[in-house]
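Single-structure report; data block below.
Protein chains: 2
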Amino acid sequence: MRIQFDQQMERLHVELIRMGSLCEEGIALSAKALQEKNPAFLQRIAAVEVEIDDKEREIEDLCMRLILQQQPVARDLRFISAAMKMISDMERIGDQAADIADLAPYIVENNSQSKVHIGDMALATVKMVTDSVEAFVKTDAGLAEQVIAADDEVDGLFNQIKEELMQLIYSREIDAKASMDLLMAAKYFERIGDHAVNIAEWVEFSISGQHRKL
Amino acid sequence: MRIQFDQQMERLHVELIRMGSLCEEGIALSAKALQEKNPAFLQRIAAVEVEIDDKEREIEDLCMRLILQQQPVARDLRFISAAMKMISDMERIGDQAADIADLAPYIVENNSQSKVHIGDMALATVKMVTDSVEAFVKTDAGLAEQVIAADDEVDGLFNQIKEELMQLIYSREIDAKASMDLLMAAKYFERIGDHAVNIAEWVEFSISGQHRKL
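Going down the list, the protein sequences come from chains D and R.
Counting from 1, one number per residue, gives the positions in the first sequence under full-length UniProt numbering.
Counting from 1, one number per residue, gives the positions in the second sequence under full-length UniProt numbering.
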């Protein structure tokens, strides 16, 4: 029984790492799609989103089986509950990466992405997602802490981009649709940053048993 | 044991209904805040958001205890799993209602809400949330179906508002910041509609055991 439990916990760990890597790939692709018009990026993001959704259900089933069959307690139960929360944040990161990719072609056609700091925001958010997954893989509370701190920078970039877009609208230097699409893309990146923070907070919780928001 | 189980399941049902009512109140208030500048609305929304977050944790604990202590199977386990999913959608509805309320004062100051169909979108979304909760309370698969169908209307209104905002920007008939804030508010309503659809799909799942997306 205990051996089977350890095997299932190991598998849960491996599947979470895989799902995290898919999120990293999705958001990295969405950042690329905002720099260069390339249908291959969009096709790959669509595939990644499907893989992420499948992975979420797979991990959910695994967690439910673990809880029902193995009656975990204390730290193990904490880890499984954290896993069930993390996967819904990861699933939304996949959705939002796909949403950004949908907006990208029109933005790039107008070369509007070059007029605001959306590239910086993309880079900062990709790093938050990568670090949050890394913090989980290495159970690194310090790195989780850094992800949570990095969110202020991303929120600041969102406000900056909003200001830049307003100025471009006033001065008629941007296509109106592109300005709306860029605002939405920036908002999606900001939300992805929030989900990376949630993941980092669940990493902290599974390590310490303390959740800063609870 | 069975009596205790029935009591806990009954309590889960009651708490979910309470959380649903809080969501209805939150979004109804956010719709009002977009029509009239009134600090009382904003204070109440902030309080509702806190109540919703507390309720989510309370219900989550109850579900975990039910699963661990009572080893539910089949329909009961299905209902508990659906409950755990529904509450995260409800929690996000609360967040987004608060996000809309944050944007409302500047929009109303400029009376920009009257220039686009945001009021219609608010009404349609409030109805989706109310109906999704109602469908759960009455285990009404037909009503759940209607909620899912209503999402097309809300998505259509979002695109309409985006078009209206673009025209207002071209013709300089709207404040640039208000136009951005209105686009964000419309997006939050659209997301709330998506969460109402998720709730309706979990209602269907807990009734039929079939999830249309799985």
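Note that CB positions come from ideal geometry on N, CA and C, so glycine has one too.
- Within 7 Å of the CB of A176/D, the CB atoms of chain R belong to M166, I169, Y170, in sequence order along the chain.
- For I174/D, the three-state secondary structure derived from DSSP is coil.
- For R92/R, the three-state secondary structure derived from DSSP is helix.
- Distance check between K162/D and each of E56/D, L183/D, S88/D, M84/D places L183/D closest, using alpha-carbon atoms only.
- For V126/R, the secondary structure class from DSSP, reduced to helix, strand or coil, is helix.
- Under the 10 Å beta carbon count, D99/D is surrounded by 16 or more other beta carbons and is classified as buried.
- Identification of residues in the stretch 63–76 of chain R having a C-beta nearer than 8 Å to some C-beta of chain D yields M64, I67, L68, Q71, given in sequence order.
- Here the stretch 162–175 of chain D makes no contact with the stretch 3–20 of chain R; the two share fewer than three CB pairs at distances below 8 Å.
- Within a 10 Å sphere around the beta-carbon of V129/R sit 16 or more other beta-carbons, which makes this residue buried.
- Look at the UniProt domain "PhoU" (120–203) of chain R: the residues with a C-beta under 7 Å from a C-beta of chain D are K162, L165, M166, I169, Y170, A176, K177, M180, L183, M184, K187.
- Within chain R, E60, M64 have C-beta atoms less than 9 Å from the C-beta of S81/D, given in sequence order.
- At a beta-carbon threshold of 7 Å, the residues of chain R lying near S88/D are S88, ordered along the chain.
- Counted as a single uninterrupted DSSP element, the alpha helix (DSSP H) harbouring K55/R occupies residues 39–70.
- It is roughly 27 Å from the alpha-carbon of L68/R to the alpha-carbon of V133/R.
- DSSP places G209/R outside both helix and strand once states are collapsed to three, so it counts as coil.
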